[in-house]
Structure formats: C-alpha cells, structure tokens
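Number of protein chains: 2
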Amino acid sequence: MRTFFWKNSTDEQRLAALQRPATLAKGDLSAKVAEILAAVKSGGDEALRSLTAKFDQVELSALEVTSEEFAAARKSVGQGAREALEHAARNIEKFHLAQIPVNQAIETQPGVTCERQYRPIVRVGLYVPGGSACLPSTVLMLGIPSRLAGCELRVLVTPPRKDGSVDPFILEAARICRIDKVFKVGGAQAIAALAYGTESIPKVDKIFGPGNAYVTEAKEQVASQSASAIDMPAGPSEVLVVADANADPVFVAADLLSQAEHGPDSQVVLVTDSEEMVTKVQAEIAAQLATLPRASIATQALEKSLSIVVNSVAEAIAVSNQYAPEHLILQVDMAARYKDRILNAGSVFLGPWSPESAGDYASGTNHVLPTYGYARSYSGLSVDSFLKQITFQELTEKGIKALGPVIETLATIEGLDAHCQAVTLRLKALGSRETL
Amino acid sequence: MRTFFWKNSTDEQRLAALQRPATLAKGDLSAKVAEILAAVKSGGDEALRSLTAKFDQVELSALEVTSEEFAAARKSVGQGAREALEHAARNIEKFHLAQIPVNQAIETQPGVTCERQYRPIVRVGLYVPGGSACLPSTVLMLGIPSRLAGCELRVLVTPPRKDGSVDPFILEAARICRIDKVFKVGGAQAIAALAYGTESIPKVDKIFGPGNAYVTEAKEQVASQSASAIDMPAGPSEVLVVADANADPVFVAADLLSQAEHGPDSQVVLVTDSEEMVTKVQAEIAAQLATLPRASIATQALEKSLSIVVNSVAEAIAVSNQYAPEHLILQVDMAARYKDRILNAGSVFLGPWSPESAGDYASGTNHVLPTYGYARSYSGLSVDSFLKQITFQELTEKGIKALGPVIETLATIEGLDAHCQAVTLRLKALGSRETL
Chain R
6 MRTFFWKNST DEQRLAALQR PATLAKGDLS AKVAEILAAV KSGGDEALRS
56 LTAKFDQVEL SALEVTSEEF AAARKSVGQG AREALEHAAR NIEKFHLAQI
106 PVNQAIETQP GVTCERQYRP IVRVGLYVPG GSACLPSTVL MLGIPSRLAG
156 CELRVLVTPP RKDGSVDPFI LEAARICRID KVFKVGGAQA IAALAYGTES
206 IPKVDKIFGP GNAYVTEAKE QVASQSASAI DMPAGPSEVL VVADANADPV
256 FVAADLLSQA EHGPDSQVVL VTDSEEMVTK VQAEIAAQLA TLPRASIATQ
306 ALEKSLSIVV NSVAEAIAVS NQYAPEHLIL QVDMAARYKD RILNAGSVFL
356 GPWSPESAGD YASGTNHVLP TYGYARSYSG LSVDSFLKQI TFQELTEKGI
406 KALGPVIETL ATIEGLDAHC QAVTLRLKAL GSRETL
Chain H
6 MRTFFWKNST DEQRLAALQR PATLAKGDLS AKVAEILAAV KSGGDEALRS
56 LTAKFDQVEL SALEVTSEEF AAARKSVGQG AREALEHAAR NIEKFHLAQI
106 PVNQAIETQP GVTCERQYRP IVRVGLYVPG GSACLPSTVL MLGIPSRLAG
156 CELRVLVTPP RKDGSVDPFI LEAARICRID KVFKVGGAQA IAALAYGTES
206 IPKVDKIFGP GNAYVTEAKE QVASQSASAI DMPAGPSEVL VVADANADPV
256 FVAADLLSQA EHGPDSQVVL VTDSEEMVTK VQAEIAAQLA TLPRASIATQ
306 ALEKSLSIVV NSVAEAIAVS NQYAPEHLIL QVDMAARYKD RILNAGSVFL
356 GPWSPESAGD YASGTNHVLP TYGYARSYSG LSVDSFLKQI TFQELTEKGI
406 KALGPVIETL ATIEGLDAHC QAVTLRLKAL GSRETL
C-alpha cells in the first residue's frame, strides 16, 4: 500500500491518486462475446449445451434444475447453514419491504388529475456467478427484492459444477426466495439466453447480477442492442475506510483485507488523519494476511492500493465523496454524525461494530452496489430496481377547458400545429355542445 | 396506415406486426461521433468553437449565455407566452413535488439498524435540442425535477441559432427553472463537453435530455466509457391509441397526427375493436392532414404505421402491453377502469379530454419517456432520476454479537475467510472485554 499525503499535493496529483486502476484492456473479449451471443441467438438450447461443454467441461441433458435436485440440495445443506441463510433472508426482507413505494395521485389543477403508479418489470433474469466461489448470498440479494417487487417471471441462471450439478447452497437460497426456475448455464451464453430466449429459457426484460469480464461484456452488448436492460455497469469491488486516531487497527486491517480477498483487481483505500494509524494498520495487515487462505489474491489487490493522510475526518469524508466508493467504512468517533456529509457512496458502515461483511451477508442492506465511481450517479439494488413507473393523466371537460389555451400557446411557440389542433378540436366540440 | 387483423394471425405474425421499424443503420455515425468526442476531450473550448462554426455556422466568442441575454429574452417573450410557461411549470412542479422520497430507517434485528437515504446527483447536464423546433417545454421537464431533487450544479446546453443567440423561450423557461448556467453548444460536441468538462463547461455526473442521432450516439459512447451516466436509451417517439366503437374519430385522428408530426420516424398505432373506426379515423386523418404545415413529415410517419383490429378493449390493452408504447391513449368508455391492466407504457392518457399534448406540455407529468419498447424496463423522468440512494448500517455491540455467527457461517460457506475474520476478531475483542 502506497501512502499519499493529501495536504502537500496539487489538485492534479489528488485526482491522479484517486483514479481507479484501468480495467484490463478488452482485447478480443468483445469479439469473443459477440460470437457467443450470436451462437446462442441462432442456436438456442443446442448452442447453450455445446458452449457449456466447451467452457464448463460439462455435458448437460436438461438445462433446468429439477424439483428432485432442489430436494436433494435441501437435504445436503446442514441445519446451521440453512438457518444462517434464513436469518439473513429475514433481515434482507425486512429492510427491502420498507422500500415498496406507494402510488401517488395529484390534482394539479381542477379537472386535471396526474398519477404515478408502480409496476413490476414483468420478466427478470438473475445471474449468480459460479467458478471458484459459490455465492448463495447473491441469490438472496437478487431474489428477495424481485419477489417483493412482484415480478411475474424470475429466472435464475448459474454455471454448473464439474459434475453437472448446481451448488446446493445456491439452490437452497433460491428456494428461500421462492425462485423456481433455475438453469445450469453461466458466462456470456447465459446472458444471451436471457436476452434472446431459447427453447428452454424465457427471454427477460432486464438482467441483474454480478459476473466475470465475459458476463459483464455480454450484459453491456445485449443492453446496447436493446435486447434487454441491465441493472448497472460493473467494475472491480472496492472499499474506502476512514479511520481516526482512536480506531482499532485490528478492525481496520480486517476490513481492508476482507475487500482485498475478493479478487486481485479489488481496490482498498485507507483515509486517516493519523499518520501513525497507517503504520499500525500495515503491520496488522501483514500479521492477519499470514492466516488467510486467499492471501495471494489479497496481496495482489493490496499492491495497487492506497493510504491517504489528511488533516481531519471532515477532509477524509470530502476525499471519499470525490472517490465515490462502493463500500465506505467509518471507524471514527461518533461515526453517525457524519452521515449527512456523505454525498457519493454505495453502502456505508458506521462505527467499530459494523464490518463490511455484515452488509455483504446479513444486516439487511443489498450488496449489489455501484463500483468504479458509479456511486456518483447510480444506486445499489433495491426493490425499485425491479419496478418501473407509469404516469397517468385524466382531464375532465372542465380541465381541458381551463388548460387547453395554455397547451395551444405552448404548441404554437414550438411550431407543433397538430399538437395544438388536438386541443382546439376538443375545445370546439365542447363549445358547440354548449351552444346547442 | 396498414390494417392488421389480430384474430386471424399467428403469434409470429403478431410479433412481426408489433416490431418497431429498424432505426437507421449507424453507418459511419459512430466513428464521426467518436472523432467529435476526442476533439473536445483534447481541445476543450477551442474545439467547441470550431465544431460550432462547422456544424451550426456560428462563430461564438463567449460560450455561456450572459445575464444581459437572459434579460433581453425575458423582454422579447410576450406576456401570454410567459404566463403559459409559468402555468405549465406550476403543474409540473406540483406533480413532481409529490415524488420527493423520504429516507427510511429500519431496525432489522435488535442492534442492527439499516437506513436508506436519498442524495441528489451532484452535477447534472441538461440537453435541449435546437434545430427546426424550439423546445422550451423540454427545459421545464428537465429543469423542474432537477431543481426539486436539489442537484448542486445544473448545466443546460443547447445549440445556438444562426445569429449566435439562444431562443428566448428557452432562456425564459430556464429562468423559470432557476437554471443559471446555459451554454450555446449542441450536438455531440455538447455531450462531450458535459462528459469531460472544458475550460468553460463543468464536467457532470449524469446527462439528461432528448436529441438527434448524433446526440444519442454521443450519450451512448460517453456512458460506455463511464465518463458520464445518461438518463435512458432513446428511440423515435411513438403513440398507441386504443379506441372503442364510441370514440370520436376526430379526436383519435388528431392524437395520431400530433404524434406523427414529430418526425418521419415517429410511429403511430391504432388498436380498436371496431373495424368501422379504422375507416372513420383514416378519413379524418386525411381531412385534418390538409390543414397541417408539417403534413409531409406526418405523412411519412403514417406510411409506416398500423391499425390493429381486435375483439375487445381488454385484448387491445394486451396488445398494448406487448408493444409497450411511450404514449398510450385510451379513448374508450370509462377508460380509468383499465388502469390496473396496463403493465408496460410510458405515460397514459385516459378518456376523450386527455390528448397527448396535455402531457407533452402542461398536465404535470413528464414528457421525457421511454420509447422503442424500453417502457418494459424503464420509467419516464421523475425526481428519482436526479437522485441516488445510499444505504447505511450501524451495528451495536449487541447487534454484532447476535448477527456475527450468521455472518461467519455464510462467509465460511462462500470460502471468504477474511470476511469471516473481520467478524471473528470483533467477537473476540468483545469477549475478552467481558472477561476482564
């Protein structure tokens, strides 16, 4: 971890310090993904099977997980794990339940009623990564808000394991979220199936969930073809920890490491008003790293990471706002009093007893969050992500009579005569009726 | 307008009938836009000036509109126009004011508090098209919700007229929305300025507003570079009118025409359970068309458009849900009773006295809406479009003690040991404190 002194730096140096590491050059990734998308679009299930054989080394007959497989998974998951998943699900549900919005109707002037109503996105696709890690927590984070939103069709896709099965924890989490359509397909080919539909897998209106570079590129390509909307752009995961002189370096180091172990491209940033804290945290990192199985991944992530020394906690928050972290941890005295100052962040963890892993799993907040500075303009997943809004307006005779002349004036200013005429003809009809 | 009989058609024919006309092939548009973006990124204001000279045939000295220009615009706009703009603004404000969301805090379990807070997107860019039409109504639709959201910096860009001025109605609308930074630049170069920033024009976090093919392509390119987020993907404007046998063909024709005059690529669709209505409406269209200055544009749009004959209003709504129109007009008996059945649409107009132009200008709803089927997964602009959500969590000692074991179990399942350790170290610290 490099140390950067905010005070003695120019604006340009500061901007450069907060720059995310460039993501890997796409190289021929775009072309490869485009080829996979085209193969699935024309080849359907058969293409999915052959791509799964090629990339996952699995020969599948049925793509959909059967109820027998769900039942077997349920048995193989121990009671402790099931209870932990159910506990997390309860907290996530409780927090997301409060997000269900209410419809609004407003009479903007007598006889003119405008309304905003929410509707679930009808068909949604949920991508859950496989590969080295198995992520049942992601199933909960996608499955619970989509259920609360009332989406009619929820399709979960996830890559099969080498033996052709799906991880039982994933299936158990899917059962808890009442997702009954799960397909054994991953990678760009899974995104293609959701965007275009195949014989087995229904086409969806919006695709959610994290994934590797292939999945991310596939999501971007299907979105740009307007084949399917996507949840948000993706970048490497990241944390920014603000620590004051009284923070516990053991906790700070543990939180930085729990982000660093995600992947070699993860970024961790420490911002502190205590130069001593930097030294203490670095020593702690070294000590804790020794005990971690994923130490080599974490070490790679730490190499690109940064400690920033500032003058005050307020300045640290300002630095954080400029960086716009996915996760922000405040290990400072009376952390909650800084809430209002936080302008750009995905999810925020307040005080010593709120590690990032609490929000990753079980506090109740969603862990699908904007990365790579997108927190300046995007929000994490919520029930809203699975809804859209429709506006309605109804004018009475009185309403169009009062508002009509305003519309006519504005349409005339804009030179849109048919817009004007649609009102004029109605006012005439009302006028002639009154004359009768 | 072609007539299509829903009843006697196969699912495939129906799908084909509802297909939007393909948008024009991009050809070298992408490359041209990329060139403009690169020129502005490296050349700043100087590049903006030379591109404005090239594309708008205007030599500008200052890019920003001065307070003198605002004052002159105010004078040149007549009282009638000003009052119409202010009237529309009041209705739009009233409807959008109700959209300001409230923060939520939930104790998901004792000692675990989760919160969702809204924050304005700090810096936003508002694009208002120029060219043939002058669109002060679009200024209101972007300016009012961004003001209500509390965005700190709102920058409006719009192409200059041939004499180097900005249309006075646009400036007057900007004044009403309290936008004080207006720049005389349009096209892809304006989007580049907002995405990268120049000496005069500040970089923004999200860009809003409609535009021509260059503007749309530029928005897509800056979004894919993660230089700036954008409001929504864009396609040609469209309306679907559902009319029953008792609808007034004069009103139906007027509403179809007021959409068709937008541009030659506009799409208008009539869905009715009365074959006779099709004939009546076509006759009315011919009659009204004769009086319209923009008849040639409307005629081109109508050539690609469609009448669909169905069995019932309920079936018409089902067809509309499949098409997912930007604007949906229900000219049927007791239109409001169908509201709940409408699943996919941008904005809906109920009954004979609610023409589309009411919502385009002054009813209170927003006219920046999802086109091209995007209404399946996107919403029209609202105050929410200018906000993002940040989640917060704070665990007390009691909270982490109760929830810690759940987090440890889930982290272990996922093989993320540092995530587990961040909790374990905290539980140990609490344990040893108690032992003391």
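Which chain is which? The protein sequence lines are R and H, in order.
Taking our numbering, the leading residue of the first sequence gets 6, the next gets one more, and so forth.
Taking our numbering, the leading residue of the second sequence gets 6, the next gets one more, and so forth.
By construction, the Cβ of each residue, glycine as well, lies at the ideal position given by its N, Cα and C atoms.
On a predicted model such as this, the values are computed, not experimentally measured, just so you know.
Span of the beta strand (DSSP E), counted from its first residue to its last, around residue i
i: V255 of chain H; result: Unbroken run through V255 of chain H is the alpha helix (DSSP H), 254 to 265; no beta strand (DSSP E).
i: P125 of chain H; result: 117 to 125
i: H332 of chain H; result: 332 to 336
i: K285 of chain R; result: Element bounds for K285 of chain R: not the beta strand (DSSP E) but the alpha helix (DSSP H), 280 to 294.
i: R128 of chain R; result: 128 to 132
i: E399 of chain R; result: 392 to 400
i: S5 of chain H; result: Nothing can be reported for residue 5 of chain H, as the shown portion of chain H is limited to 6 through 441.
i: Q109 of chain R; result: 109 to 114
i: V160 of chain H; result: 158 to 163
i: V273 of chain R; result: 272 to 277
i: V247 of chain R; result: 243 to 248
8 angstroms Cβ shell around residue i - same chain, five flanking residues per side excluded
i: Q114 of chain R; result: G404, A407, L408
i: R299 of chain R; result: E266
i: S325 of chain R; result: L245, V247, V276, L333, I347, N349, A350
i: Q111 of chain H; result: Checking the sequence shown, residue 111 of chain H turns out to be Ile, not Gln. T118, C119, E120, listed in sequence order.
i: R7 of chain R; result: S310, L311, S312
Beta-carbon gap between residue i and residue j smaller than 8 angstroms
i: V171 of chain R; j: K186 of chain R; result: no
i: P360 of chain H; j: S263 of chain H; result: yes
i: F153 of chain H; j: L131 of chain H; result: The amino acid at residue 153 of chain H is misidentified as Phe; the sequence shows Leu. Not closer than 8 angstroms, so no.
i: L145 of chain R; j: I97 of chain R; result: yes
i: W11 of chain H; j: V283 of chain H; result: no
i: L65 of chain H; j: P165 of chain H; result: yes
i: L374 of chain H; j: L355 of chain H; result: no
i: R183 of chain H; j: L158 of chain H; result: no
i: I181 of chain R; j: L34 of chain R; result: no
i: Y328 of chain H; j: V274 of chain H; result: yes
Own chain residues within Cβ distance below 7 angstroms of residue i, not counting five before or after
i: A232 of chain R; result: A200, Y201
i: L53 of chain H; result: V45, L68, V190, Q194, A198, T203
Inter-residue spacing [alpha-carbon to alpha-carbon] between residue i and residue j
i: Y377 of chain H; j: R25 of chain H; result: 7 angstroms
i: E402 of chain R; j: M339 of chain H; result: 14 angstroms
i: A78 of chain R; j: G155 of chain R; result: 26 angstroms
i: V162 of chain H; j: G385 of chain R; result: 29 angstroms
i: A67 of chain H; j: V227 of chain H; result: 25 angstroms
i: G240 of chain R; j: E225 of chain R; result: 12 angstroms
i: G135 of chain H; j: K167 of chain H; result: 11 angstroms
i: D365 of chain R; j: D278 of chain R; result: 27 angstroms
i: H372 of chain H; j: S362 of chain H; result: 10 angstroms
i: L432 of chain H; j: S368 of chain R; result: 16 angstroms
i: V255 of chain H; j: L430 of chain R; result: 8 angstroms
i: D210 of chain H; j: R124 of chain H; result: 13 angstroms
i: L307 of chain R; j: A250 of chain R; result: 22 angstroms
i: T15 of chain H; j: L56 of chain R; result: 32 angstroms
i: G496 of chain R; j: S142 of chain H; result: Examination of residue 496 of chain R is not possible in this model, given that chain R is present from 6 through 441 alone.
i: K393 of chain R; j: I126 of chain R; result: 6 angstroms
Cβ neighbours of residue i in the same chain (closer than 6 angstroms, five flanking residues each side left out)
i: V428 of chain R; result: G409, I412, E413
i: A193 of chain H; result: V38, I41, Y219, A223
i: Q287 of chain H; result: none
i: Q122 of chain H; result: N108, I395
i: A197 of chain H; result: L42, V45
Host alpha helix (DSSP H) of residue i (start-end)
i: Q226 of chain R; result: 218 to 229
i: S301 of chain H; result: 300 to 308
i: K59 of chain R; result: 34 to 61
i: E98 of chain R; result: 84 to 102
Any non-hydrogen atom of the ligand MG within 7 angstroms of residue i CB
i: E112 of chain H; result: The ligand MG is not part of the structure shown, which contains no ligands of any sort.
Check your understanding: When Cβ atoms are compared, which residues of the region 409 to 421 of chain H fall closer than 7 angstroms to chain R?
Key -> Going along the region 409 to 421 of chain H in chain order, one finds V411, I412, T414, L415, A416, I418, E419, G420, L421 with a Cβ nearer than 7 angstroms to chain R.
Check your understanding: If contact means a Cβ-Cβ distance below 8 angstroms, which residues of the region 188 to 219 of chain R contact chain H?
Key -> Within the region 188 to 219 of chain R, contact with chain H at the beta-carbon level (separation under 8 angstroms) is assigned to D210, K211.
Check your understanding: Which residues, in chain order, does the region 243 to 256 of chain R contribute to contact with chain H at a C-beta distance below 8 angstroms?
Key -> D253, V255, F256
Check your understanding: Got a sec: which bits of the region 162 to 183 of chain H sit with their beta carbon under 8 angstroms from any beta carbon on chain R, in order along the chain?
Key -> F174
Check your understanding: Going along the chain, which residues of the region 329 to 354 of chain R sit with their C-beta nearer than 8 angstroms to a C-beta in chain H?
Key -> A340, A341, K344, I347, L348, N349, A350, G351, S352, V353, F354
**Study point:** Residues from the region 142 to 159 of chain H in contact with chain R, defined by Cβ distance under 8 angstroms
**Key:** S142
Point to revise | Near-chain R residues of the region 370 to 395 of chain H - C-beta to any C-beta below 9 angstroms | key: Correct list: T370, N371, L374, P375, Y377, G378, Y379, A380, R381, S382, Y383, S384, G385, S387, D389, L392, K393, Q394, I395.
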